[in-house]
DNA sequence: TCCTATAATGAAATCGATTCCAAAATTGTT
DNA sequence: AACAATTTTGGAATCGATTTCATTATAGGA
């Protein structure tokens with residue numbers, strides 16, 4: 002079914018049908034004939050042809066490091082939900098943490114003529130930064146604060162700072178920090194800084210805090226925790242950059258017979274569903290992943306609409322930081 | 002940058018440039034001039050225009066019930082990976098379990114002129130079945146065996162049967178089954194049948210097995226398990242339709258002071274990462290989610306390629322069942 | 001050298017929509 | 001009734017690619 006065939010059947014020109022669909026002067030009589038024909042034929046305009054002619058496409062590219070991950074899929078759910086509500090569809094690209102995967106997808110998305118891109122940030126390399134700057138369509142970053150780019154991200158620093166403060170208040174004053182790669186500014190650097198600043202704020206020596214770097218897995222948390230317990234048997238608490246790491250670490254603590262929370266306090270970040278199935282339940286900082294996705298999508302769409310309507314006035318880069326909520330459970 | 006501009010710069014016709022890109026007779030001299038011009042300008046053909054002209058689009062619609070879920074995101078990762086490898090992109094639609102959401106997305110995908118659709122199945126309603134049959138592009142279902150449609154799914158029945166057999170062999174001979182809605186044939190009906198048939202196979206009475214229906218959450222598993230323990234204090238084992246439910250159920254068991262695995266055995270399905278962080282670690286049936294996604298994508302692409310090349314010969318519907326692997330851990 | 005195959009070439013048609021424009025129809029004003 | 005202003009209308013151009021087709025250049029064979 003094409004617009005021409007509909008026009009033919011309704012006995013009008015294709016221009017008339019187009020005007021019917023998009024608004025334009027049309028006699029009531031033809032309007033009715035066209036309405037009926039479209040109803041009977043079940044005609045839907047071809048979006049590809051529409052895009053071709055107008056240059057407007059309602060597809061948004063979403064580039065994520067690995068869709069199979071609790072936090073990533075939550076953010077993606079938020080994005081997809083918001084986009085759908087506003088009549089857009091999601092073009093998903095999952096890099097599987099492949100080196101330079103974002104670059105490839107940035108190209109793919111642009112070849113597909115997407116109206117905008119949401120990039121879930123992990124490590125910002127100069128080469129990626131360049132590619133992002135050269136991106137011909139609006140772009141919003143989630144989960145990281147990339148200076149100079151529109152971002153929606155979490156208050157990682159204060160979330161972990163408060164979490165650590167809670168541990169210290171509970172008397173777990175010789176803590177270790179199980180972090181992730183520093184290449185990841187939000188989850189790596191910010192969370193570590195938050196933990197160490199809380200230690201400093203309590204009048205303790207941050208240099209005495211054992212700091213280790215884990216993968217984003219429970220297995221890695223388990224192994225690193227075991228090492229720390231061997232090297233620093235005196236510690237009585239651990240702040241972990243993610244829940245997964247914390248849950249792995251708890252296994253190591255059980256093996257060593259450390260009593261949680263009496264002799265040892267532990268906390269994670271992300272408020273994963275698994276927190277409440279652990280023994281004891283894991284204290285964590287809730288981050289608003291879904292909202293992050295929704296806000297990022299909303300921000301992107303407003304950038305796109307701005308670009309389409311207004312003259313290209315210079316606009317300020319928008320950065321949005323979302324709060325957090327400490328969920329206290331039995332592990333501290 | 003359009004093909005015309007490239008042609009202009011290279012001093013050839015746009016037809017020549019098109020032939021350069023798609024193969025066709027071209028003198029070595031022009032070939033070189035075009036190559037250089039494309040390199041200098043960084044020209045990429047406009048995929049929308051290409052699609053417009055050829056009718057071939059390299060986008061696949063993927064409709065899932067809820068992207069924020071362990072199993073769903075694993076399958077999606079497999080799909081996206083396979084599609085990317087073969088030069089396709091993923092148009093993601095997450096229905097958030099909204100009533101009739103699949104129908105809406107089926108329309109959206111077709112309006113976007115996708116080359117094919119992968120539908121992650123949950124509940125098959127007659128109305129959905131009709132919509133799927135009316136789908137104008139090839140379609141593959143994952144996770145469910147919908148008769149008459151191309152499917153890639155798991156051996157849910159035998160996975161749970163073997164799991165249950167294991168529990169019984171370990172002496173947990175008075176088991177309960179914590180299932181999910183029967184509207185979901187794979188996770189609801191097949192898994193329940195597997196459990197009950199194993200009971201029957203062991204010479205026990207399947208009618209004596211308490212069966213309950215949970216949501217797909219740990220909280221729900223916790224509540225239902227608590228009820229079962231109150232009503233049937235004699236039971237000494239539980240087979241759960243998902244790991245999440247099982248992990249929730251374990252919390253109820255702890256509260257009641259049931260010793261796992263000495264006095265009580267429990268098992269789940271899905272081999273979630275959280276299985277190995279539980280105390281004791283949860284025995285589960287590993288389902289090949291990622292492979293399911295990859296195989297579904299491969300199957301869809303072969304259908305598409307078949308359709309594009311061959312005459313429309315009548316082809317048999319392909320149904321692929323994937324195996325499972327029992328991962329025995331401390332909970333049985 | 002001449003003639004026939006074959007390769008190379010670009011003008012033009014095409015995909016399905018939107019939109020400009022000039023012409024036709026309708027309305028309102030004297 | 002005559003004219004101006006406004007609305008309605010469909011033909012044709014357009015978006016950026018591919019592909020057909022007729023034509024020209026080249027190669028190979030006698």
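Protein chains in written order, with this note's numbering: chain C, 2 to 333; chain A, 2 to 333.
We put the CB at the ideal spot given by N, CA and C, even for glycine.
Residue 284/C versus 291/C, 294/C, 273/C, residue with shortest Cα-Cα distance: Numbered from 1 along the first chain, position 283 holds the residue referred to as residue 284/C. Per the Cα distances, 273/C.
Taking Cβ-Cβ distances shorter than 9 Å, what residues in chain C pair up with residue 255/A? For the purposes of this step, residue 255/A is identified with residue 254 of the second chain, where counting begins at 1. By Cβ distance, chain C contributes 280.
Considering residue 266/A, what are the terminal residues of the alpha helix (DSSP H) in which it resides? Counting from 1 along the second chain, the entry for residue 266/A is found at position 265. Counting along the chain, residue 266/A falls outside any alpha helix (DSSP H), though it belongs to the beta strand (DSSP E) covering 266-270.
Where residue 200/C and residue 38/A are concerned, what is the direct C-alpha to C-alpha distance, given to the nearest angstrom? Indexing the first chain from 1 puts residue 200/C at position 199. Indexing the second chain from 1 puts residue 38/A at position 37. In this structure, the CA atom of residue 200/C is about 60 Å from the CA atom of residue 38/A.
What is the DSSP secondary structure of residue 321/A, counted as helix, strand or coil? Within the second chain, the letter at position 320 stands for residue 321/A. In the structure shown, residue 321/A adopts extended strand secondary structure according to DSSP, grouped into three states.
Can you check which of these residues, 7/A, 298/A, 27/A, is closest to residue 142/A by C-alpha distance? Taking the first residue of the second chain as 1, we reach residue 142/A at position 141. Measuring from the Cα of residue 142/A, the nearest candidate turns out to be 298/A.
Specify the secondary structure class of residue 240/A as computed by DSSP and reduced to three states. What you label residue 240/A is simply residue 239 of the second chain in a count that begins at 1. In the structure shown, residue 240/A sits in a strand (DSSP, three-state: E or B).
Using a cut-off of 9 Å between C-beta atoms, extract the partners of residue 1/C located in chain A. The structure shown does not extend to residue 1/C, since chain C is modelled only from 2 through 333, so no value can be given for it.
Could you tell me which residues DSSP puts in a beta bridge with residue 60/C? Translated into the one-based positions of the first chain, residue 60/C becomes position 59. Answer by DSSP bridge pairing, in chain order: 90/C.
According to DSSP, is residue 184/A part of a helix, a strand, or is it coil? Position 183 of the second chain, counted from the start, is the residue given in the question as residue 184/A. Of the three classes helix, strand and coil, the one that applies to residue 184/A here is coil, per DSSP.
Whole angstroms is fine: what's the gap from residue 149/A's alpha carbon to residue 63/A's? The residue given as residue 149/A occupies position 148 in the second chain. The residue given as residue 63/A occupies position 62 in the second chain. Annotation: residue 149/A to residue 63/A spans about 19 Å, alpha carbon to alpha carbon.
As a quick exercise: from 329/A, 287/A, 136/A, 89/A, pick the residue whose alpha carbon is nearest that of residue 95/C. Here the question's residue 95/C lines up with position 94 in the first chain. Answer by Cα proximity: 89/A.
The segment 20-39 of chain A: which residues have C-beta closer than 9 Å to a C-beta of chain C, in chain order? Correct list: empty, as no residue qualifies.
Which first and last residues belong to the beta strand (DSSP E) in which residue 12/A is found? Residue 12/A sits at position 11 when you count from the first residue of the second chain. Where residue 12/A is concerned, there is no enclosing beta strand (DSSP E), given that its DSSP letter is neither H nor E.
Return the Cβ separation of residue 290/A and residue 75/A in integer angstroms, given the expectation that the two are a contact with Cβ distance under 8 Å. Here the question's residue 290/A lines up with position 289 in the second chain. Here the question's residue 75/A lines up with position 74 in the second chain. Between residue 290/A and residue 75/A, the beta carbon gap of about 4 Å places them in contact (Cβ cut-off 8 Å).
Under a Cβ-count criterion, where at least 16 other Cβ atoms within 10 Å of its own Cβ denotes burial, should residue 45/C be classed as buried or exposed? On the first chain, residue 45/C is found 44 positions in, with the first residue counted as 1. With fewer than 16 other Cβ atoms within 10 Å, it is exposed.
Which one of 300/A, 280/A, 182/A, 158/A has the shortest CA to CA distance from residue 216/A? What you label residue 216/A is simply residue 215 of the second chain in a count that begins at 1. Selected option, being the one with the closest Cα: 182/A.
On the DSSP bridge list, what partners appear for residue 285/C? Translated into the one-based positions of the first chain, residue 285/C becomes position 284. In the DSSP output, where bridge partners are listed per residue, residue 285/C has 269/C, 328/C.
Count the other CB atoms within 10 Å of the CB of residue 1/A; is the residue buried (16 or more) or exposed (fewer)? Summary: the structure shown does not reach residue 1/A, with chain A confined to residues 2 through 333, and so no result is reported for it.
Rounded to whole angstroms, what is the Cα-Cα separation between residue 7/C and residue 16/C? On the first chain, position 6 is the one that residue 7/C refers to. On the first chain, position 15 is the one that residue 16/C refers to. Straight-line Cα distance between these residues: approximately 11 Å.
So the alpha helix (DSSP H) residue 120/C belongs to, where does it begin and stop? Taking the first residue of the first chain as 1, we reach residue 120/C at position 119. No alpha helix (DSSP H) holds residue 120/C; the beta strand (DSSP E) holding it covers 117-121.
Nearest-angstrom Cα distance between residue 155/A and residue 122/C? Counting from 1 along the second chain, the entry for residue 155/A is found at position 154. Counting from 1 along the first chain, the entry for residue 122/C is found at position 121. Spanning the alpha carbons of residue 155/A and residue 122/C requires a straight line of approximately 34 Å.
Is any beta-carbon of chain A found at less than 9 Å from that of residue 272/C? Counting from 1 along the first chain, the entry for residue 272/C is found at position 271. Closer than 9 Å: no.
Can you tell me which of 25/A, 54/A, 9/A puts its alpha carbon nearest to the alpha carbon of residue 336/A? This structure does not reach residue 336/A, given that chain A is present from 2 up to 333, and the question cannot be answered.
Three or more C-beta pairs closer than 8 Å, one from the segment 188-203 of chain C and one from the segment 157-165 of chain C: is that the case here? Yes: at least three Cβ pairs fall under 8 Å.
Would you kindly work out how many angstroms separate the C-alpha atoms of residue 43/C and residue 137/A, rounded to a whole number? Here residue 43/C refers to the residue found at position 42 when the first chain is read from its first residue. Here residue 137/A refers to the residue found at position 136 when the second chain is read from its first residue. Each residue's CA atom was taken as its position, placing residue 43/C and residue 137/A some 13 Å apart.
Would you call residue 23/C buried or exposed, if buried means 16 or more other Cβ atoms sit within 10 Å of its Cβ? Looking up residue 23/C in the first chain gives position 22. Exposed, since its Cβ has fewer than 16 Cβ neighbours within 10 Å.
Neighbour flag for residue 45/A against chain C, beta carbons, 9 Å: In the second chain, the residue the question calls residue 45/A occupies position 44. Chain C, which has a Cβ nearer than 9 Å to the Cβ of residue 45/A, makes this yes.
Can you tell me which of 67/C, 265/C, 47/C, 270/C puts its alpha carbon nearest to the alpha carbon of residue 59/C? Here residue 59/C corresponds to residue number 58 of the first chain, with the count starting at 1. The candidate whose alpha carbon is nearest that of residue 59/C is 47/C.
What did DSSP end up calling residue 310/C once you bin it into helix, strand or coil? In the first chain, residue 310/C corresponds to position 309, counting from 1. Looking at residue 310/C - three-state DSSP - the assignment turns out to be helix.
Rounded to whole angstroms, what is the Cα-Cα separation between residue 271/C and residue 55/C? What you label residue 271/C is simply residue 270 of the first chain in a count that begins at 1. What you label residue 55/C is simply residue 54 of the first chain in a count that begins at 1. When only Cα atoms are considered, residue 271/C and residue 55/C end up about 42 Å apart.
Buried versus exposed, by CB contacts within 10 Å (16 or more), residue 318/A: Numbered from its first residue, the second chain carries residue 318/A at position 317. When all chains shown are included, residue 318/A counts as exposed.
Identify which residue in 40/C, 125/C, 18/C, 115/C has its Cα closest to the Cα of residue 139/C. On the first chain, residue 139/C is found 138 positions in, with the first residue counted as 1. Nearest C-alpha to residue 139/C: 115/C.
Measure from the C-beta of residue 227/C to each C-beta in chain A and report whether the shortest distance is under 9 Å. Locating residue 227/C in the first chain gives position 226, counting from the first residue. So no, residue 227/C is outside the interface.
Could you list the residues in the segment 231-254 of chain A with a C-beta less than 8 Å from some C-beta on chain C, going in chain order? Flagged, chain order: 245, 248, 249, 251, 252.
At what residue ranges does the segment 152-229 of chain C contain a whole run of the alpha helix (DSSP H), taking only runs of 4 or more? The qualifying runs are 157-170, 192-202.
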